[in-house]
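Peer 1: Before we start, here is the structure in question, set down as structure tokens.
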Amino acid sequence: MKRLFSIFLCVALLFGTLGMLASCQSKTYEIAIVTDVGQLMDKGFNQGTYEGAKAYAEAHKIGYKYYQPANGSDATDNDRIAAMKQAINNGAKIIVAPGFLQATAMETVAKENPSVKFVFVDGWALGLDNVTAIVYKEQESGYLAGYAAVMEGYTKLGFTGGGGGGNPAVNRFGYGFIQGADAAAKEKGVSVEMKYSFKYGETFAASNELQTQIAGWYASGTEVVFSCGGSMFQSVKSAAGEYPDARIIGVDVDQSGESEKVITSAVKGLSASVERVLGQFYDGKWDSELADQAQNLGAAENSTGLPTDTWSLKNFTVDQYTELFNKIKNGEIVPVAEVPEDVTAGWSNVVVTLEQ
Amino acid sequence: MIFLIQKTLIFTIPLLIVALAGMYAERSGIINIALDGLMIFGAFVGALAALLLRKNPFFVDHNQLTFLLAMLVAAAAGALFSLLLSFSAIRLKADQTIGGTALNMLAPAIALLIIKVFFTKDMLEMERAADTSGTMKDFGFVILHDDLGPIGRIFFDKAYISTFLAAGLFVVLSIFIYKTKTGLRLRSCGEHPQAAASVGIDVIRMRYLGTTISGALAGLGGYIYIATVANGTASGAVAGMGFLALAIMIFGNWKPLGIALGALLFGFLKCLGVIYAQISIPIHGQDVYILRDLDLPMYFYNLIPYVAVLIVLAFTSGSSRAPKAEGIPYDKGAR
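As given, the protein sequences belong to chains A and B, one line each in that order.
Numbering of the first sequence is given in our numbering, commencing with residue -10 and proceeding in unit increments.
Numbering of the second sequence is given in our numbering, commencing with residue 2 and proceeding in unit increments.
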């Protein structure tokens, strides 16, 4: 027994050393990614940003590394500050930080380190010359997704968003989703029911509560659920697994590879825009093009939309999609970005039921 | 309504089996506060097993077999992990509460370390995998039968084999501890080990047996929990289910029937707390959403199951009767 115990301890020690070795490589990382809440490989927001940075770094042989603030989904500003400082100590010249929650931390660290550049994804200009912001017109992707779902023939939709209703990007996705569904319903002359919830997934995490709630939606007839938030997808997927006809709309990146239930995804061009900004930085265009600027990217920049190659829609054709997309691109249709206090009011063909 | 009952069953099963796990250890005289850690460990190893098995197309075709194997592996992992507790508590005569707490801290640490080092993730998700014909299949062990009528649907639609397996185990193990010779001996070691030893019962063996069964059940319960309730992902946490099971064991007065009742009650309230907004009662042909229209904050409903357990414990703890010798290291010389 003692022997078994000592073997166990040895194994534990071995794993410990392995873990240490993994984090102790002496190399400098010029590009650092400091993740938002949720995990790096969330198949969504964090991962999209990371992959953009990775693609640029690998193509140009630049060292890159990601930093996950301590305490995971409960990370505080202090944890984020610590992660950014650690990145700078490891030689980071540019820090890409996704998520509006990073604002306070970034402001603090950016002021202290004027020579290090910061890319604030989903953020805004902070009044500092070493910070640039990228924002997306999520309402456009949401609009397209809602429109496509109703045009496909679905009349009972659901939306579950992360961030507890306090995340501007998620709110824009959701509000755009209703607008698109309403527009399509008006066109087809049908009435659409939509369940709308920010109840679970405040930290974008999967949970048994979320899974049960969404299973309840599918049980009561909801056909498609727009799963708007990183790892929450796992819960929606598990709930959909119990209902043969249940379908999902993914978010941020193309999630069609995650489940056969995904009919399409409301994407935003995270990787592409991060890659582009990094290119501008390394081409020495920071001061002229990026410093203290906020880029607002949408259909016109090909940064929003639905990936038509992998969608499984049948009644709504790619041609119809392209036509609509171009209307948004030209500004003929402008999905409203400002989310009002009450999202249930003002629709002609959609009945929105809030669940909170 | 069918939905509510289905979900209640699914929430109840892991609690039931883990509370029974606690009962087995405590009836043999070992406080098993490590239920949560054992669940986490079992869940992690089970998920790992399922993930690796699904790399082979054969196991994607035979979903239920994969599930059974993963459950078996989870139970074995739980049993092995619990040896740490029994070794420290029985052989080294260490404080059982502290030993259990150590396991509770060790389990998530091991699980997360391995997930982070080998998968660079915070949690182990079940990905799509190819079956023998090359089609990608989603992960899921659910059995679908929606053509069975209301009663049949409650038990056999959206059901998991784990439900039947755990219910069967529960019955068998309840009979085992009350109606067999070994069961009687095991219980006697939790009441008065010296007296048991005086009639020739091997107390140490009985206590190892009780804790190992307990570990296996808790590991199994942990994997059932993540496979049926928590998205199939192992994340180094089981939402405190282990501690809840401990409370339910006390609520059930260390008896199987009481445990079953407690687990059902809690499972029902927990489920209600999540889907209260969707429950309607037809009045005059119209669906009335009573609970939703009360317009109370969701936290209120989420609290109900925990508050209910607290209240019931407060009222019943006067009459509760824990095994007399639990928590006391066995000392042959003591009288």
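We put the beta carbon where it would ideally sit given N, CA and C, even for glycine.
Is any beta-carbon of chain A found at less than 8 Å from that of Q279 (chain B)?
Peer 2: Q279 (chain B) counts as touching chain A.
Peer 1: Quick one: which residues of the segment 117 to 136 of chain B get their C-beta closer than 9 Å to a C-beta of chain A? List them in chain order.
Peer 2: Correct list: K117, V118, F120, T121, K122, D123, M124, E126, M127, E128, R129, T136.
Peer 1: Starting from Q284 (chain A), trace the beta strand (DSSP E) in both directions and tell me its first and last residue.
Peer 2: Start and end: 283 to 286.
Peer 1: Compute the Euclidean distance between the alpha carbons of V289 (chain B) and T234 (chain B), then round it to the nearest angstrom.
Peer 2: About 36 Å.
Peer 1: Contact criterion: CB-CB distance below 8 Å. Does I155 (chain B) meet it with respect to chain A?
Peer 2: Not one chain A Cβ lies under 8 Å of I155 (chain B).
Peer 1: So is L297 (chain B) in contact with chain A if we call contact Cβ pairs under 8 Å?
Peer 2: Not an interface residue.
Peer 1: Note down, in chain order, every chain A residue with its Cβ under 9 Å from the Cβ of T13 (chain B).
Peer 2: Ordered by position in chain A, no residue passes the 9 Å Cβ test against T13 (chain B), which lies about 13 Å from the chain.
Peer 1: In the segment 20 to 62 of chain A, which residue ranges form an unbroken beta strand (DSSP E) of at least 3 residues, counting only runs that do not cross its ends?
Peer 2: With a minimum length of 3 residues, the continuous beta strand (DSSP E) runs that stay inside the segment 20 to 62 of chain A are 20 to 23, 53 to 56.
Peer 1: Does any residue of chain B bring its CB to less than 8 Å from the CB of N197 (chain A)?
Peer 2: Yes - at least one Cβ of chain B is within 8 Å of the one on N197 (chain A).
Peer 1: Tell me, to the nearest whole angstrom, how far the beta carbon of V98 (chain A) is from that of A42 (chain A); I am working on the premise that it is less than 8 Å.
Peer 2: Contact doesn't hold; Cβ gap of about 18 Å is too wide.
Peer 1: To the nearest whole angstrom, what separates the beta carbons of G5 (chain A) and L259 (chain A), a pair I think is in contact under 8 Å?
Peer 2: Actually they do not touch by this definition, with Cβ atoms about 35 Å apart.
Peer 1: Decide if F107 (chain A) is buried, meaning its Cβ has at least 16 other Cβ atoms within 10 Å, or exposed.
Peer 2: The residue in question, F107 (chain A), is buried, as its Cβ has 16 or more Cβ neighbours within 10 Å.
Peer 1: For T17 (chain A), which three-state DSSP category applies?
Peer 2: Three-state result, T17 (chain A): coil.
Peer 1: In terms of alpha-carbon separation, which member of A:Y18, A:V0, A:F(-6), A:G27 lies closest to S196 (chain A)?
Peer 2: Cα-wise, what sits closest to S196 (chain A) is A:G27.
Peer 1: Rounded to a whole number of angstroms, what is the C-alpha to C-alpha distance between S29 (chain B) and K182 (chain B)?
Peer 2: Cα to Cα, S29 (chain B) sits roughly 14 Å from K182 (chain B).
Peer 1: Give a yes or no on whether the minimum CB-CB distance between L114 (chain B) and chain A is below 8 Å.
Peer 2: Yes, L114 (chain B) lies at the interface with chain A (some Cβ there is under 8 Å from its Cβ).
Peer 1: Using a beta-carbon distance below 8 Å, is M140 (chain A) in contact with chain B?
Peer 2: By this cut-off, M140 (chain A) is not an interface position.
Peer 1: One question on the structure: do A92 (chain A) and G112 (chain A) come within less than 8 Å of each other, judged by their Cβ atoms?
Peer 2: Yes.
Peer 1: Among all the DSSP beta bridges, which residues are the ones paired with A235 (chain B)?
Peer 2: For A235 (chain B), which the question treats as bridged, DSSP gives the partners B:L125.
Peer 1: When the Cα of A315 (chain B) is compared with those of B:N254, B:P298, B:A240, B:A261, which residue comes out closest?
Peer 2: Measuring from the Cα of A315 (chain B), the nearest candidate turns out to be B:N254.
Peer 1: Is the beta carbon of V225 (chain A) sitting closer than 8 Å to the one on V242 (chain A)?
Peer 2: Not in contact: V225 (chain A) and V242 (chain A) (Cβ atoms no closer than 8 Å).
Peer 1: Mind checking who L343 (chain A) pairs with in its DSSP beta bridge?
Peer 2: Answer is A:Y185, bridged to L343 (chain A).
Peer 1: Under the assumption that V19 (chain B) contacts A246 (chain B) (Cβ atoms under 8 Å), give the Cβ distance between them as a whole number of angstroms.
Peer 2: Yes, V19 (chain B) and A246 (chain B) are in contact; Cβ-Cβ is about 4 Å, under 8 Å.
Peer 1: L145 (chain B) CB to nearest chain A CB: under 8 Å?
Peer 2: Closer than 8 Å: yes.
Peer 1: Which residues bound the alpha helix (DSSP H) around V263 (chain A)?
Peer 2: Unbroken alpha helix (DSSP H) run through V263 (chain A): 259 to 271.
Peer 1: If I measure Cβ to Cβ from M183 (chain A) and keep anything under 6 Å in the same chain, skipping five residues before and after, which residues do I get?
Peer 2: Result list for M183 (chain A): L146, V339, V341, in chain order.
Peer 1: Please look up how many angstroms separate the CB atoms of T211 (chain A) and V179 (chain A), rounded, as I've assumed it's under 8 Å.
Peer 2: Their Cβ separation, rounded to whole angstroms, is 16 Å, which puts T211 (chain A) and V179 (chain A) out of contact at 8 Å.
Peer 1: Of all Cβ atoms in chain A, is any one closer than 8 Å to the Cβ of C190 (chain B)?
Peer 2: Output row for C190 (chain B): interface = no.
Peer 1: Is the shortest distance between the beta-carbon of M30 (chain A) and the beta-carbons of chain B less than 8 Å?
Peer 2: Output row for M30 (chain A): interface = yes.
Peer 1: Is there contact between the segment 258 to 270 of chain B and the segment 301 to 321 of chain B, where contact requires at least three CB pairs shorter than 8 Å?
Peer 2: Touching, yes.
Peer 1: On a Cα-Cα basis, can you pick out the residue from B:A50, B:I284, B:I214 that is closest to A71 (chain B)?
Peer 2: The shortest Cα separation from A71 (chain B) among B:A50, B:I284, B:I214 belongs to B:A50.
Peer 1: What would DSSP say about K106 (chain A), mapped onto helix, strand or coil?
Peer 2: It is a strand residue.
Peer 1: Out of A:G152, A:N156, A:F222, A:Y18, state which residue places its alpha-carbon closest to the alpha-carbon of A76 (chain A).
Peer 2: The shortest Cα separation from A76 (chain A) among A:G152, A:N156, A:F222, A:Y18 belongs to A:Y18.
Peer 1: Suppose contacts are defined by Cβ-Cβ distances below 8 Å. Is G100 (chain B) in contact with G223 (chain B) by that definition?
Peer 2: No, Cβ-Cβ distance for G100 (chain B) and G223 (chain B) is not below 8 Å.
Peer 1: Starting from the C-beta of S281 (chain B), find all residues in its chain whose C-beta is less than 7 Å away, skip the five residues before and the five after it, and write them out in chain order.
Peer 2: Only D288, V289, Y290 meet the Cβ criterion.
Peer 1: Between the C-alpha atoms of D123 (chain B) and E192 (chain B), what's the straight-line distance to the nearest angstrom?
Peer 2: Their backbone Cα atoms lie some 43 Å apart in a straight line.
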